[in-house]
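Line order of the protein sequences matches chains A and B.
Taken in order, the first sequence gives residues 0 to 342; the numbers are from numbering that gives the first Met the number 0.
Taken in order, the second sequence gives residues 0 to 342; the numbers are from numbering that gives the first Met the number 0.
First comes the structure, then the notes that go with it.
2 protein chains.
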Amino acid sequence: MIEQPASPFFLDCDTGIDDALALAYLLAAPNAELVGIGTVSGNISAAGGARNTLDLLQLAGHQDIPVAVGAHDPLVGSFRGGAPHVHGANGIGEVELPTSNRETVSESAAELLVRLANQYAGELRVVLIGPLTNIAQALRLEPKLPELIAEITIMGGAASAPGNITAVAEANIANDPEAAAEVLAADWDVTLVPLDVTMTNVLEEGHRQELLATDHPMAQALGGMLGYYFGFYVNQFGRACSAMHDPLAAAIAVGGIEVAIAPIVHVEVDTTDGPGRGQTVCDLRGLYMGFPEQPGARCRVVLSLAEEFAPHLLETLQSDWFPEAAAQSVSTLDQEEAVLSGR
Amino acid sequence: MIEQPASPFFLDCDTGIDDALALAYLLAAPNAELVGIGTVSGNISAAGGARNTLDLLQLAGHQDIPVAVGAHDPLVGSFRGGAPHVHGANGIGEVELPTSNRETVSESAAELLVRLANQYAGELRVVLIGPLTNIAQALRLEPKLPELIAEITIMGGAASAPGNITAVAEANIANDPEAAAEVLAADWDVTLVPLDVTMTNVLEEGHRQELLATDHPMAQALGGMLGYYFGFYVNQFGRACSAMHDPLAAAIAVGGIEVAIAPIVHVEVDTTDGPGRGQTVCDLRGLYMGFPEQPGARCRVVLSLAEEFAPHLLETLQSDWFPEAAAQSVSTLDQEEAVLSGR
Numbered sequence: 000m001i002e003q004p005a006s007p008f009f010l011d012c013d014t015g016i017d018d019a020l021a022l023a024y025l026l027a028a029p030n031a032e033l034v035g036i037g038t039v040s041g042n043i044s045a046a047g048g049a050r051n052t053l054d055l056l057q058l059a060g061h062q063d064i065p066v067a068v069g070a071h072d073p074l075v076g077s078f079r080g081g082a083p084h085v086h087g088a089n090g091i092g093e094v095e096l097p098t099s100n101r102e103t104v105s106e107s108a109a110e111l112l113v114r115l116a117n118q119y120a121g122e123l124r125v126v127l128i129g130p131l132t133n134i135a136q137a138l139r140l141e142p143k144l145p146e147l148i149a150e151i152t153i154m155g156g157a158a159s160a161p162g163n164i165t166a167v168a169e170a171n172i173a174n175d176p177e178a179a180a181e182v183l184a185a186d187w188d189v190t191l192v193p194l195d196v197t198m199t200n201v202l203e204e205g206h207r208q209e210l211l212a213t214d215h216p217m218a219q220a221l222g223g224m225l226g227y228y229f230g231f232y233v234n235q236f237g238r239a240c241s242a243m244h245d246p247l248a249a250a251i252a253v254g255g256i257e258v259a260i261a262p263i264v265h266v267e268v269d270t271t272d273g274p275g276r277g278q279t280v281c282d283l284r285g286l287y288m289g290f291p292e293q294p295g296a297r298c299r300v301v302l303s304l305a306e307e308f309a310p311h312l313l314e315t316l317q318s319d320w321f322p323e324a325a326a327q328s329v330s331t332l333d334q335e336e337a338v339l340s341g342r
Numbered sequence: 000m001i002e003q004p005a006s007p008f009f010l011d012c013d014t015g016i017d018d019a020l021a022l023a024y025l026l027a028a029p030n031a032e033l034v035g036i037g038t039v040s041g042n043i044s045a046a047g048g049a050r051n052t053l054d055l056l057q058l059a060g061h062q063d064i065p066v067a068v069g070a071h072d073p074l075v076g077s078f079r080g081g082a083p084h085v086h087g088a089n090g091i092g093e094v095e096l097p098t099s100n101r102e103t104v105s106e107s108a109a110e111l112l113v114r115l116a117n118q119y120a121g122e123l124r125v126v127l128i129g130p131l132t133n134i135a136q137a138l139r140l141e142p143k144l145p146e147l148i149a150e151i152t153i154m155g156g157a158a159s160a161p162g163n164i165t166a167v168a169e170a171n172i173a174n175d176p177e178a179a180a181e182v183l184a185a186d187w188d189v190t191l192v193p194l195d196v197t198m199t200n201v202l203e204e205g206h207r208q209e210l211l212a213t214d215h216p217m218a219q220a221l222g223g224m225l226g227y228y229f230g231f232y233v234n235q236f237g238r239a240c241s242a243m244h245d246p247l248a249a250a251i252a253v254g255g256i257e258v259a260i261a262p263i264v265h266v267e268v269d270t271t272d273g274p275g276r277g278q279t280v281c282d283l284r285g286l287y288m289g290f291p292e293q294p295g296a297r298c299r300v301v302l303s304l305a306e307e308f309a310p311h312l313l314e315t316l317q318s319d320w321f322p323e324a325a326a327q328s329v330s331t332l333d334q335e336e337a338v339l340s341g342r
């Protein structure tokens with residue numbers, strides 16, 4: 000039987016440049032142990048995202064983490080081809096990584112998530128940084144999922160900030176509003192990391208140069224990808240920099256960064272065909288009163304941070320996280336202790 | 000033939016405490032000449048709003064301005080009974096005004112608006128501070144209305160601020176989303192004064208006391224009404240104060256207050272039955288770039304002011320605006336010249 004690390008994490012992603020950063024962050028974070036990864040179509044197809052994820056894991060020396068391909072299409076409709084203008088045709092900013100010879104597991108992402116949720120019952124933390132199709136499917140596969148999972152953190156939505164796909168809809172939610180609606184209506188507490196906080200905590204060109212100058216291939220690959228990403232965001236911000244959507248969600252999930260304003264409010268996903276389709280309708284009417292408690296509300300919406308994110312992200316990505324070849328096997332009791340003591 | 004004043008204004012309202020303040024502001028503003036008023040169901044029924052308006056006009060000594068009752072019901076559905084918890088059962092905070100013996104005109108509000116738009120062709124400015132049913136009806140009556148009207152200012156909607164009826168919908172728009180959609184899609188430039196700016200520019204108890212201490216019955220009546228209004232808003236702000244929705248729209252329409260951030264953007268009204276129904280979906284995606292031009296956009300959305308509103312409002316309401324009995328007749332050329340010179 001596999002030893003369970005202190006904080007097992009499941010990552011569901013559509014890798015993606017900022018997904019790659021989130022993946023690297025979770026591998027490097029001292030108090031997280033990635034035990035499984037699912038992919039979903041979003042920035043790129045689910046299969047393409049899995050390929051990128053396997054290659055990134057090899058680059059990072061983490062050949063032990065199972066990767067499962069998830070949903071190619073959203074619950075309703077079809078995958079529309081991703082965002083090559085943002086992430087490049089290969090999803091990782093045209094950076095060429097050494098090809099991993101590892102394959103994805105035979106389970107679907109939803110099946111892998113359900114299996115790990117049972118294996119790490121009550122302990123598994125889930126970070127969702129793509130469309131929410133896989134976890135919606137997992138909820139259908141295993142209705143007890145809310146009891147099994149310790150914590151859900153979602154990068155997605157826009158509360159009072161503008162959307163990035165439509166005036167009010169953010170890409171992860173807009174790519175599968177029906178799935179998002181099911182996930183946010185399920186019987187669990189959720190942390191939502193929306194554009195309100197990801198668009199206001201950016202990585203600058205100086206940070207990217209630091210990554211490029213760091214002496215390990217993962218940091219350098221991330222720096223390369225960010226060059227492409229910055230090229231998209233220069234039209235959003237007017238300078239070479241970029242939002243840090245996915246790594247911020249990972250950092251909040253891990254507890255690596257402190258949030259400031261993060262009210263627990265009612266959130267409903269717009270699944271109509273109107274101009275609000277894909278919007279996370281967050282009830283922020285308590286704004287002027289410091290957000291008094293909303294009975295029955297279960298979604299913590301992160302609106303601002305208590306500290307700067309970029310220095311923390313850089314520090315984590317530059318830390319001595321790149322594992323020795325010997326440490327590539329499944330974790331042992333010794334490693335678990337190392338995790339607990341903040342290796 | 001009636002002499003046309005320099006800046007003829009038509010007010011469409013659902014009087015309403017803040018409507019009463021807007022009415023008083025427009026009567027007092029040196030560069031506005033109210034030439035007609037329509038009422039619509041909103042804070043109170045269209046008929047009840049007309050009664051309040053006639054009584055307020057008498058109190059102010061303006062017996063010359065025609066008041067027309069407008070739509071009782073929205074374009075779709077029925078009037079739901081107003082907001083007595085905000086404005087009192089009589090719409091004006093249970094303040095008892097002397098009853099005017101004047102009657103409303105026989106035209107509907109839409110008919111009056113169309114007639115005045117033709118009479119003051121190219122000059123009439125319209126301030127809309129209730130649901131947009133009347134002007135939507137006027138657009139149907141007179142398809143050339145956009146050519147006839149000089150300027151449209153609407154108190155309504157929420158851009159990035161929370162709604163006040165639902166999480167995202169503001170009352171004026173939510174009470175008739177279909178009308179709002181028609182009005183915002185019509186062939187004219189519109190200024191929208193949403194909750195973003197009306198909820199952040201409030202009147203405090205000290206201001207109310209100043210009104211109560213002012214030596215004319217209109218100011219005192221407004222101060223009395225505000226006591227009721229503050230009672231509602233204490234649960235929104237945590238102190239005795241209130242938003243200044245309608246008078247702010249009037250002040251912006253008149254040019255009495257300078258705006259700061261007011262991008263011209265695409266705005267779509269959500270007319271679905273989803274959670275976004277009644278939302279003014281404003282495309283603020285240019286936020287991070289200082290709102291670059293959006294080709295084809297025609298809605299100026301006021302997000303912030305360049306100066307404090309409360310002092311300007313107080314000063315205007317306390318100014319020597321209460322007309323002499325002799326000045327109650329329709330304006331003359333002399334008065335027009337006085338208006339032009341900023342009487």
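For every residue, glycine included, the Cβ atom is placed at its ideal position computed from N, Cα and C.
Can you name, in chain order, every residue of its own chain whose Cβ lies under 7 Å from the Cβ of residue 213 (chain A), other than the five neighbours on each side?
-> The residue given as residue 213 (chain A) occupies position 214 in the first sequence. Here the set comprises 219 and 317.
8 Å CB neighbourhood of residue 64 (chain B) in its chain, flanking five on each side removed | Taking the first residue of the second sequence as 1, we reach residue 64 (chain B) at position 65. Cβ within range, chain order: 33, 34, 35, 36 and 56.
Could you say if the stretch 190-197 of chain B and the stretch 150-159 of chain B meet the contact criterion of at least three C-beta pairs nearer than 8 Å?
-> yes
Below 8 Å, can you find three or more Cβ-Cβ pairs linking the stretch 268-277 of chain B to the stretch 230-240 of chain B?
-> no
Return the residue from the list B:146, B:195, B:62 and B:19 that minimises the CA-CA distance to residue 286 (chain A).
-> Walking along the first sequence from the start, residue 286 (chain A) turns up at place 287. Out of B:146, B:195, B:62 and B:19, B:195 has the C-alpha closest to the C-alpha of residue 286 (chain A).
Under a CB-based cut-off of 8 Å, is residue 198 (chain B) close to chain A?
-> Here residue 198 (chain B) refers to the residue found at position 199 when the second sequence is read from its first residue. It does: the Cβ of residue 198 (chain B) has a partner Cβ on chain A nearer than 8 Å.
DSSP three-state call for residue 276 (chain B): helix, strand or coil?
-> Mapped onto the second sequence, residue 276 (chain B) falls at position 277. Coil, per DSSP.
Kindly list, in the order they appear in chain B, the residues whose Cβ is closer than 8 Å to that of residue 290 (chain A).
-> On the first sequence, residue 290 (chain A) is found 291 positions in, with the first residue counted as 1. What residue 290 (chain A) touches in chain B: nothing, since even the nearest Cβ is about 11 Å away.
Consult DSSP for residue 248 (chain A) and reduce its assignment to one of helix, strand or coil.
-> Mapped onto the first sequence, residue 248 (chain A) falls at position 249. The answer is helix: DSSP assigns residue 248 (chain A) an H, G or I state.
Own chain, CB closer than 7 Å to residue 362 (chain A), minus 5 neighbours either side, in chain order | Examination of residue 362 (chain A) is not possible in this model, given that chain A is present from 0 through 342 alone.
What does residue 267 (chain A) touch in chain D if you count any residue whose Cβ is under 8 Å from its own?
-> Of the protein chains in the structure, A and B, none is chain D.
Contact check, residue 411 (chain B) vs residue 280 (chain A), beta carbons under 8 Å | For chain B, the structure presents residues 0 to 342; residue 411 (chain B) sits outside this window and is missing.
In chain order, what residues of the same chain lie with their CB nearer than 8 Å to the CB of residue 6 (chain A), ignoring the 5 residues before and after it?
-> In the first sequence, counting from the first residue as 1, residue 6 (chain A) sits at position 7. Counting only Cβ-Cβ distances below 8 Å, and skipping sequence neighbours, we find 30, 31, 32, 122, 124, 253 and 338.
Check residue 37 (chain A) in the structure and name its three-state DSSP category.
-> In the first sequence, counting from the first residue as 1, residue 37 (chain A) sits at position 38. If DSSP states are grouped into helix, strand and coil, residue 37 (chain A) belongs with the strands.
Cβ of residue 287 (chain B) within 8 Å of any chain A Cβ | Residue numbering aside, residue 287 (chain B) sits at position 288 when the second sequence is read from its first letter. For residue 287 (chain B), the answer is yes, since a Cβ of chain A falls inside 8 Å of its Cβ.
Per-residue contacts from residue 278 (chain B) into chain A (C-beta, under 7 Å) | Within the second sequence, numbered from 1, the residue matching residue 278 (chain B) stands at position 279. Those within 7 Å of residue 278 (chain B) in chain A are 275.
Go ahead and pull the three-state DSSP assignment for residue 338 (chain B).
-> As a working note, residue 338 (chain B) is residue 339 in the second sequence. Caution is warranted here: a pLDDT of 31 is assigned to residue 338 (chain B), below 50, making its placement in the model unreliable, and the coordinate value is therefore given only provisionally. Residue 338 (chain B): helix per DSSP, three-state reduction.
Neighbour list for residue 262 (chain B) in chain A, Cβ cutoff strictly below 8 Å | The sequence position of residue 262 (chain B) within the second sequence is 263, counting from 1. Those do not exist, as residue 262 (chain B) stays about 11 Å from chain A at its closest Cβ, beyond 8 Å.
Excluding five sequence neighbours on each side, which residues of the same chain lie with their C-beta closer than 6 Å to the C-beta of residue 278 (chain A)?
-> Counting from 1 along the first sequence, the entry for residue 278 (chain A) is found at position 279. Contacts found: 167, 168 and 269.
Could you check which residue in B:177, B:78, B:164 and B:92 has the C-alpha nearest to that of residue 136 (chain B)?
-> Position 137 of the second sequence holds residue 136 (chain B). With distances taken between Cα atoms, residue 136 (chain B) lies closest to B:177.
Does the separation of the CB atoms of residue 347 (chain B) and residue 138 (chain B) fall below 8 Å?
-> Residue 347 (chain B) is absent from the model: chain B starts at 0 and stops at 342.
Where are the beta strand (DSSP E) runs, 3 residues long or more, that stay fully inside the stretch 182-250 of chain B, in chain order?
-> 189-192, 201-203 and 240-242
Within 10 angstroms of its Cβ, does residue 346 (chain B) collect 16 or more other Cβ (buried), or is it exposed?
-> Summary: the structure shown does not reach residue 346 (chain B), with chain B confined to residues 0 through 342, and so no result is reported for it.
Which residues of chain B have a Cβ atom closer than 7 Å to the Cβ of residue 18 (chain A), listed in chain order?
-> The residue given as residue 18 (chain A) occupies position 19 in the first sequence. Those do not exist, as residue 18 (chain A) stays about 22 Å from chain B at its closest Cβ, beyond 7 Å.
Chain B contacts from the stretch 231-256 of chain A (Cβ-Cβ distance under 7 Å) | 235, 236 and 237
Would you please state the rounded distance, in angstroms, between the beta carbons of residue 19 (chain A) and residue 312 (chain A)? I believe it to be under 8 Å.
-> Taking the first sequence and counting its residues from 1, one reaches residue 19 (chain A) at position 20. Taking the first sequence and counting its residues from 1, one reaches residue 312 (chain A) at position 313. Incorrect: roughly 13 Å between the Cβ atoms, too far for contact.
Quick one: is residue 175 (chain A) near chain B, going by C-beta distance under 8 Å?
-> Reading the first sequence from its first residue, position 176 is the one you call residue 175 (chain A). No, residue 175 (chain A) lies away from the interface with chain B (no Cβ there is under 8 Å from its Cβ).
Would you give the residue range spanned by the alpha helix (DSSP H) that residue 138 (chain A) belongs to?
-> Residue mapping note: residue 138 (chain A) aligns to position 139 of the first sequence, counting from 1. Segment 132-140, the alpha helix (DSSP H) holding residue 138 (chain A).
Assign residue 340 (chain A) to one of two classes, buried (16 or more other C-beta atoms within 10 Å of its C-beta) or exposed (fewer than that).
-> Within the first sequence, the letter at position 341 stands for residue 340 (chain A). Legend: pLDDT at residue 340 (chain A) = 32, less than 50; position of this residue unreliable, no value from coordinates given.
Per DSSP, which residues does residue 124 (chain A) bridge with? Please list them.
-> By one-based count along the first sequence, residue 124 (chain A) stands at place 125. A:8 and A:150, per the DSSP bridge assignment.
When B:93, B:47 and B:94 are compared against residue 71 (chain B), the one with the closest alpha-carbon = Here residue 71 (chain B) refers to the residue found at position 72 of the second sequence. The shortest Cα separation from residue 71 (chain B) among B:93, B:47 and B:94 belongs to B:47.
Cα-Cα separation between residue 208 (chain B) and residue 24 (chain B), rounded to whole angstroms = Within the second sequence, the letter at position 209 stands for residue 208 (chain B). Within the second sequence, the letter at position 25 stands for residue 24 (chain B). When rounded, the distance between both Cα atoms is 18 Å.
For residue 299 (chain B), which beta-bridge partners are listed by DSSP?
-> Start at 1 with the first residue of the second sequence, and residue 299 (chain B) comes out as number 300. Looking at the DSSP assignment, residue 299 (chain B) forms a beta bridge with B:190 and B:263.
Whose Cβ in chain B lies nearer than 7 Å to the Cβ of residue 298 (chain A)?
-> Here residue 298 (chain A) refers to the residue found at position 299 of the first sequence. None at all; the shortest Cβ gap to chain B is about 12 Å.
Provide the residue(s) that pair with residue 116 (chain A) in DSSP beta bridges, ordered along the chain.
-> Residue numbering aside, residue 116 (chain A) sits at position 117 when the first sequence is read from its first letter. Bridge partners of residue 116 (chain A): none, in fact.
Going by beta carbon distance, what residues of the same chain come within less than 6 Å of residue 49 (chain B), once the five residues before and after it are set aside?
-> Counting from one through the second sequence, the residue named residue 49 (chain B) turns up at place 50. Answer for residue 49 (chain B): 38, 66, 68 and 103, listed in chain order.
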